[in-house]
Amino acid sequence: MANKITSKIELNVELDANKVPEKLHWTAEDGGISNEEAKAMMLAVWDAKTQETLRIDLWTKDMPVDEMKVFFHQTLVAMSDTFYRATQDEKMSATMKDFCDYFAEKLEIKK
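The sequence shown: position 17 = 18 (the working numbering), numbered continuously.
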């Protein structure tokens, strides 16, 4: 029987008195990341029992709106890449990429 390897990703959220995120830090030692600061994060987990996606979306008070728009665009592009790798569905992946281009155009985001 092969040895199992465990990898850990750690998220730390510093909140203000109203429980609004002020600071986000993350660590993924296997990826060479140690206590790096972030301004926003999106985490999605698939619950097979309930057949639904569970999500955590956080951003700090000082995350600028223009950066949030770029963050969303880059996340959508990454999701279309991941969708292709997971499904090999070229047609839908291309459709998703078209939407990403439309999204960037409407928000006037330079790629």
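Ideal Cβ positions, reconstructed from N, Cα and C, are used throughout, including at glycine. All of these numbers come straight from a predicted model, not from anything done at the bench.
With 16 other CB atoms within 10 Å as the buried threshold, where does ALA3 fall?
-> Position 2 of the sequence shown, counting from 1, holds the residue named residue 3. By the neighbour-count rule (16 or more Cβ atoms within 10 Å), ALA3 is not buried but exposed.
Where SER81 falls, given that 16 or more other Cβ within 10 Å makes a residue buried = The residue labelled residue 81 in the question sits at position 80 within the sequence shown. Result: buried.
Quick one: grab the DSSP three-state call for GLU15.
-> For the purposes of this step, residue 15 is taken as residue 14 along the sequence shown, with counting starting at 1. GLU15: strand per DSSP, three-state reduction.
By the 10 Å Cβ neighbour count, where 16 or more other Cβ atoms means buried, how is LEU123 classified, buried or exposed?
-> Past the edges of the chain, shown from 2 to 112, lies residue 123, and the structure says nothing about it.
What number of angstroms, rounded off, separates the C-alpha of LYS20 from the C-alpha of THR54?
-> Here residue 20 corresponds to residue number 19 of the sequence shown, with the count starting at 1. Here residue 54 corresponds to residue number 53 of the sequence shown, with the count starting at 1. Distance between LYS20 and THR54, taken at the CA atoms: about 23 Å.
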